[in-house]
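S.K.: So the sequence lines, in the order shown, correspond to chains Y and F.
Per the numbering used here, residue 1 is the first one in the first sequence, and the count goes up by one each step.
Per the numbering used here, residue 1001 is the first one in the second sequence, and the count goes up by one each step.
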Amino acid sequence: GDSVTQMEGPVTLSEEAFLTINCTYTATGYPSLFWYVQYPGEGLQLLLKATKADDKGSNKGFEATYRKETTSFHLEKGSVQVSDSAVYFCAFLWGGNQFYFGTGTSLTVIP
Amino acid sequence: KAGVTQTPRYLIKTRGQQVTLSCSPISGHRSVSWYQQTPGQGLQFLFEYFSETQRNKGNFPGRFSGRQFSNSRSEMNVSTLELGDSALYLCASSQQGNEQFFGPGTRLTVL
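1. Please classify Y:Asp84 as buried or exposed, where buried requires at least 16 neighbouring CB atoms within 10 angstroms.
2. Run through DSSP, which three-state label would Y:Gly1 get?
3. Since F:Leu1081 is in the beta strand (DSSP E), which residue starts that stretch and which ends it?
4. Check whether the stretch 1006–1017 of chain F and the stretch 1027–1038 of chain F are in contact - that is, three or more C-beta pairs closer than 8 Å.
5. May I have the straight-line CA-CA distance separating Y:Arg67 from F:Val1110, to the nearest angstrom?
6. Cβ closer than 9 Å: which chain Y residues qualify as neighbours of F:Pro1008?
7. Quick one: which chain Y residues come within Cβ less than 8 Å of F:Arg1055?
8. Among Y:Ala27, Y:Thr28, Y:Trp35, whose alpha-carbon lies nearest the alpha-carbon of Y:Thr20?
9. Is there at least one Cβ from chain F nearer than 9 Å to Y:Tyr49's Cβ?
10. Do you know whose CA, among F:Tyr1049, F:Ser1074, F:Arg1055, lies nearest F:Gln1006's CA?
11. Find the residues of chain Y that neighbour F:Leu1090, judging by a C-beta separation of less than 8 Å, and give them in chain order.
12. Just checking, does the stretch 85–100 of chain Y make contact with the stretch 1018–1029 of chain F on the three C-beta pairs under 8 Å criterion?
13. Looking only at C-alpha atoms, which of Y:Val109, Y:Phe99, Y:Glu63 sits nearest to Y:Tyr25?
14. Comparing C-alpha positions only, which one of Y:Met7, Y:Thr65, Y:Gly29 sits nearest to Y:Phe73?
15. For Y:Gln45, count neighbouring Cβ atoms within 10 angstroms of its own Cβ and tell me buried if that reaches 16, exposed if not.
16. What distance in whole Å lies between the Cβ atoms of Y:Phe18 and Y:Gly57, which are believed to be in contact at a cut-off of 8 Å?
17. Which class does F:Ser1024 belong to by DSSP, given the choice of helix, strand or coil?
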């Protein structure tokens, strides 16, 4: 069935390190892809999205490219900051109304 | 535009009681989804409503129910509470085929 597989955490990085969080999906068609972020004590916020193959979503220094051939949407950031510490969720939308979320990856950035 | 609002933000109940949570979507959004978030299970989809009709349902027992009103506001109800129902309950609204916007959640503690 349709699903999202997300890299398990927790991930701990030093400030200014490079970040990659892997995400792959299984869907019968070509869904829209999203990354959400959840800061402590808050709900989820949309970080970036891509709606078609080869689209690159970007926001706050984070990027992810919609790779149809590998059904992937990996999240990257070149230099993380302490303020990036949060839980990151990969998700896709297929069929117009059904969202599928990954299990979330906890990121801690230490000074 | 005002964001998604959820009330109450915090709730403490005892086993066997019932609880009703409320969600007001962003103006113009007709789709409302509910999720349960726990440390062990991640983000679990409960159900989704569109124009007062339940369109999708997750794998939860019948104790979990919901409804949507004509102004798109939604409520979810949990009857006969169990300790395992302690969680953060998140509501999200969207326009058809677009990203979901999340509220801050209701933290339910069952004693």
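Beta carbons are placed, not taken as given, at the ideal position from N, Cα and C, and that holds for glycine.
Note that the coordinates shown come from a computational prediction; the quantities given were computed from them, not determined experimentally.
M.R.: In brief:
1. Buried.
2. coil
3. Counting along the chain, no beta strand (DSSP E) covers F:Leu1081, and no H or E run does either.
4. no
5. 43 Å
6. For F:Pro1008, there are no C-beta contacts with chain Y under 9 Å, since the nearest C-beta of that chain is about 15 Å from it.
7. Asn97
8. Minimum Cα distance to Y:Thr20 is reached at Y:Trp35.
9. Here residue 49 of chain Y turns out to be Lys, not Tyr, going by the sequence shown. Put simply, the CB of Y:Lys49 is near chain F, with a gap under 9 Å to one of its CB atoms.
10. F:Ser1074
11. Gly43, Leu44
12. no
13. Y:Phe99
14. Y:Thr65
15. exposed
16. Wrong, their Cβ atoms sit about 18 Å apart, outside the cutoff.
17. Of the three classes helix, strand and coil, the one that applies to F:Ser1024 here is strand, per DSSP.
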